[in-house]
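One point on numbering: in numbering that gives the first Met the number 0, the residue at position 253 of the sequence shown is 252, and numbering is uninterrupted. Here a beta-carbon is modelled for each residue, glycine too, at the ideal position from N, C-alpha and C. All figures in this text were calculated on a predicted structure; none of them were measured in a lab. Below you'll find the structure, written out as structure tokens, and then a few comments.
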Amino acid sequence: MVRLTIEPADRHGPAAVRQWHDGTRPLSDALVYVVNAILGRRHLVDWIALLERKEDLPLPDGLASSPVRDHFDEYEHLATNWEALTGNRPDLRDCYFVGTTFTADNLVIPRAAFIDLIKQMSALDASVQAGEIEARIDESMPVPLPLAPSKDATKPWNDSEWQELEEKARQLDVNDPLTDELADPERSVLIARQRGELFDWLEVAWLRTSRGKDDMPARCRELGLSTLLAYDAATDAMLAYLHDPERISIVGTPVPATPYRGEVSVDVFRLPVPAHPPEMTFHAWLARCEAVFIRERGGPEKGAGDLFTRIVGHRVRLRYRLESPDHLMLWRVELV
Numbered sequence: 000m001v002r003l004t005i006e007p008a009d010r011h012g013p014a015a016v017r018q019w020h021d022g023t024r025p026l027s028d029a030l031v032y033v034v035n036a037i038l039g040r041r042h043l044v045d046w047i048a049l050l051e052r053k054e055d056l057p058l059p060d061g062l063a064s065s066p067v068r069d070h071f072d073e074y075e076h077l078a079t080n081w082e083a084l085t086g087n088r089p090d091l092r093d094c095y096f097v098g099t100t101f102t103a104d105n106l107v108i109p110r111a112a113f114i115d116l117i118k119q120m121s122a123l124d125a126s127v128q129a130g131e132i133e134a135r136i137d138e139s140m141p142v143p144l145p146l147a148p149s150k151d152a153t154k155p156w157n158d159s160e161w162q163e164l165e166e167k168a169r170q171l172d173v174n175d176p177l178t179d180e181l182a183d184p185e186r187s188v189l190i191a192r193q194r195g196e197l198f199d200w201l202e203v204a205w206l207r208t209s210r211g212k213d214d215m216p217a218r219c220r221e222l223g224l225s226t227l228l229a230y231d232a233a234t235d236a237m238l239a240y241l242h243d244p245e246r247i248s249i250v251g252t253p254v255p256a257t258p259y260r261g262e263v264s265v266d267v268f269r270l271p272v273p274a275h276p277p278e279m280t281f282h283a284w285l286a287r288c289e290a291v292f293i294r295e296r297g298g299p300e301k302g303a304g305d306l307f308t309r310i311v312g313h314r315v316r317l318r319y320r321l322e323s324p325d326h327l328m329l330w331r332v333e334l335v
């Protein structure tokens with residue numbers, strides 16, 4: 000019998016399949032990559048509708064999932080893969096192909112099983128959002144794709160991949176100069192998509208570095224990638240803040256699984272550190288601002304904005320924005 004290990008990736012992010020196994024070995028990295036790509040987009044009901052209508056799934060480059068429509072003989076070996084893993088022979092007339100360009104364990108999955116999996120993920124995600132499940136991350140999860148997927152997904156990124164990421168970071172600063180001006184709603188959503196994509200790859204780079212698969216600061220210094228070096232320094236500062244016991248006691252929520260999945264943007268530390276009340280540390284001040292922001296913010300439909308309030312007797316401006324199309328984050332705190 001197949002057993003699935005499913006863990007939430009982040010207190011305010013989607014749940015994620017971290018590994019699939021039968022008690023002795025991983026089942027399919029390809030399936031993990033595809034399912035995590037679906038879960039990362041959050042609107043699971045839309046994915047269920049696509050599966051119910053037997054439509055191709057719109058996935059990132061390097062991943063693919065589509066219904067088996069014809070040429071069933073070409074999928075027989077993939078059906079054998081599923082049967083070997085589950086003990087059940089799938090009906091190829093109602094299956095989905097699931098695969099990647101960089102793993103060797105592609106397979107087909109019965110459509111009903113696929114739908115049931117996404118529904119279970121949706122229920123689990125609701126529990127994550129409600130704070131009923133503690134955030135954690137399993138180091139056994141496959142690392143997401145580099146910018147240009149290669150056959151060896153663990154291979155260090157090449158110079159052009161690092162330079163491409165640097166260009167994404169620079170372009171975002173051009174499109175979003177982080178001034179007092181608030182962009183119009185349509186532009187805010189566009190910039191949020193760009194920022195979300197950049198931060199996704201920065202998270203991948205951080206994960207790869209923390210697992211010894213690459214060395215982001217060394218490569219950035221070697222290639223003169225100043226924007227990425229600033230993000231790397233900000234990430235270190237964010238980690239110190241997130242794990243500060245004073246912050247944990249004030250905010251009262253679990254430490255995010257990665258520095259890019261909390262309520263405070265790494266830009267708080269990438270930009271010049273703002274002034275704070277002299278009677279407390281910056282971490283303590285920021286934690287109080289974060290706690291108020293979590294309590295007072297609205298939904299993502301609000302887009303970017305400012306919240307003026309008083310915190311421990313000080314008038315403050317809390318600046319927030321979409322860091323992905325569906326998640327508001329605090330990116331600046333200013334005494335006024």
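Assigned exposure category for residue i - 16 Cβ within 10 Å defines buried
{"i": "residue 287", "result": "buried"}
{"i": "residue 226", "result": "buried"}
{"i": "residue 70", "result": "exposed"}
{"i": "residue 83", "result": "exposed"}
{"i": "residue 78", "result": "buried"}
{"i": "residue 213", "result": "buried"}
{"i": "residue 131", "result": "exposed"}
{"i": "residue 9", "result": "Its pLDDT being 39, under 50, residue 9 is placed unreliably by the model, and the measurement read from it follows with that caveat. Its Cβ being crowded by 16 or more others within 10 Å, residue 9 is buried."}
{"i": "residue 271", "result": "exposed"}
{"i": "residue 211", "result": "exposed"}
{"i": "residue 269", "result": "buried"}
{"i": "residue 312", "result": "exposed"}
{"i": "residue 27", "result": "buried"}
{"i": "residue 298", "result": "exposed"}
{"i": "residue 89", "result": "buried"}
{"i": "residue 217", "result": "exposed"}
Residue i, DSSP secondary structure in three states
{"i": "residue 206", "result": "helix"}
{"i": "residue 99", "result": "strand"}
{"i": "residue 55", "result": "coil"}
{"i": "residue 259", "result": "coil"}
{"i": "residue 304", "result": "strand"}
{"i": "residue 279", "result": "coil"}
{"i": "residue 131", "result": "coil"}
{"i": "residue 63", "result": "strand"}
{"i": "residue 332", "result": "strand"}
{"i": "residue 254", "result": "coil"}
{"i": "residue 21", "result": "A caution first: residue 21 carries a pLDDT of 40, below 50, which makes its placement in the model unreliable, though a value can still be read off. Looking at residue 21 - three-state DSSP - the assignment turns out to be coil, as it is neither helix nor strand."}
{"i": "residue 273", "result": "coil"}
{"i": "residue 244", "result": "helix"}
{"i": "residue 70", "result": "coil"}
{"i": "residue 192", "result": "helix"}
{"i": "residue 264", "result": "coil"}
{"i": "residue 311", "result": "coil"}
{"i": "residue 150", "result": "Only weak support exists for where residue 150 lies, its pLDDT of 42 falling under 50; the value from the coordinates is given anyway. Looking at residue 150 - three-state DSSP - the assignment turns out to be coil, as it is neither helix nor strand."}
{"i": "residue 30", "result": "helix"}
{"i": "residue 109", "result": "strand"}
Nearest-angstrom beta carbon gap, residue j and residue i [assumed within contact, 8 Å]
{"i": "residue 117", "j": "residue 50", "result": "7 Å"}
{"i": "residue 165", "j": "residue 224", "result": "4 Å"}
{"i": "residue 314", "j": "residue 330", "result": "That pair is no contact at about 19 Å."}
{"i": "residue 195", "j": "residue 322", "result": "6 Å"}
{"i": "residue 307", "j": "residue 316", "result": "6 Å"}
{"i": "residue 95", "j": "residue 65", "result": "7 Å"}
{"i": "residue 240", "j": "residue 275", "result": "At roughly 12 Å, the Cβ-Cβ gap does not stay under 8 Å, so residue 240 and residue 275 are not in contact."}
{"i": "residue 252", "j": "residue 205", "result": "Going by Cβ atoms, the distance from residue 252 to residue 205 rounds to 20 Å, so no, they are not a contact pair."}
Proximity of residue i and residue j at Cβ, strictly below 9 Å
{"i": "residue 156", "j": "residue 92", "result": "no"}
{"i": "residue 63", "j": "residue 102", "result": "no"}
{"i": "residue 105", "j": "residue 87", "result": "no"}
{"i": "residue 254", "j": "residue 289", "result": "no"}
{"i": "residue 334", "j": "residue 296", "result": "no"}
{"i": "residue 158", "j": "residue 222", "result": "yes"}
{"i": "residue 267", "j": "residue 173", "result": "no"}
{"i": "residue 193", "j": "residue 154", "result": "no"}
CA-to-CA distance, residue j to residue i, given in whole angstroms
{"i": "residue 187", "j": "residue 259", "result": "19 Å"}
{"i": "residue 72", "j": "residue 97", "result": "16 Å"}
{"i": "residue 345", "j": "residue 215", "result": "A question about residue 345 goes unanswered here, because the residues of the chain that appear run from 0 up to 335."}
{"i": "residue 59", "j": "residue 291", "result": "36 Å"}
{"i": "residue 55", "j": "residue 161", "result": "31 Å"}
{"i": "residue 277", "j": "residue 123", "result": "43 Å"}
{"i": "residue 110", "j": "residue 35", "result": "17 Å"}
{"i": "residue 163", "j": "residue 264", "result": "22 Å"}
{"i": "residue 47", "j": "residue 114", "result": "6 Å"}
{"i": "residue 209", "j": "residue 248", "result": "26 Å"}
{"i": "residue 37", "j": "residue 279", "result": "43 Å"}
{"i": "residue 302", "j": "residue 67", "result": "40 Å"}
{"i": "residue 304", "j": "residue 219", "result": "33 Å"}
{"i": "residue 232", "j": "residue 30", "result": "34 Å"}
{"i": "residue 228", "j": "residue 57", "result": "33 Å"}
{"i": "residue 242", "j": "residue 310", "result": "22 Å"}
{"i": "residue 171", "j": "residue 44", "result": "30 Å"}
{"i": "residue 120", "j": "residue 285", "result": "33 Å"}
{"i": "residue 137", "j": "residue 230", "result": "The predicted position of residue 137 is uncertain, since its pLDDT is 46 and thus under 50; no value can be drawn from it."}
Closer than 9 Å to chain B by CB, residue i
{"i": "residue 103", "result": "Considering every chain present, this structure includes no chain B. It has just one protein chain."}
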